[in-house]
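In this note's numbering, the protein residues as written are 320 to 394.
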């Protein structure tokens, strides 16, 4: 799930299922990220099954205040 809350008209992300995946030679594996000051949004009821990681630098990332810029909004 990427960039949740970047745009004002976004909805909650629920009931996501990811299964039978292999990540090889990647920087990131499973990732959930939300933007700071994104309002009230929910990311819930996620299921990950049979996930294989081989040479993955960041296997799981949950970033609730993602911002790729030098100056980012604060809460």
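A virtual CB, placed ideally from N, CA and C, is assigned to each residue, including glycine.
Which residues mark the beginning and the end of the beta strand (DSSP E) in which residue i is found?
i, result
"residue 333", "332-352"
"residue 373", "362-382"
Relative to the C-alpha of residue i, which residue among the options is closest?
i, options, result
"residue 359", "340, 334, 378, 329", "329"
"residue 368", "336, 354, 383", "336"
"residue 262", "356, 350, 345", "Coverage of the chain is limited to positions 320 through 394, which leaves residue 262 absent and any answer about it impossible."
"residue 339", "390, 379, 371", "371"
"residue 365", "326, 327, 334", "334"
With a 10 Å radius around its C-beta and 16 neighbouring C-beta atoms as the bar for buried, classify residue i as buried or exposed.
i, result
"residue 388", "exposed"
"residue 352", "buried"
"residue 385", "buried"
Is the separation between the beta-carbon of residue i and that of residue j shorter than 7 Å?
i, j, result
"residue 348", "residue 320", "no"
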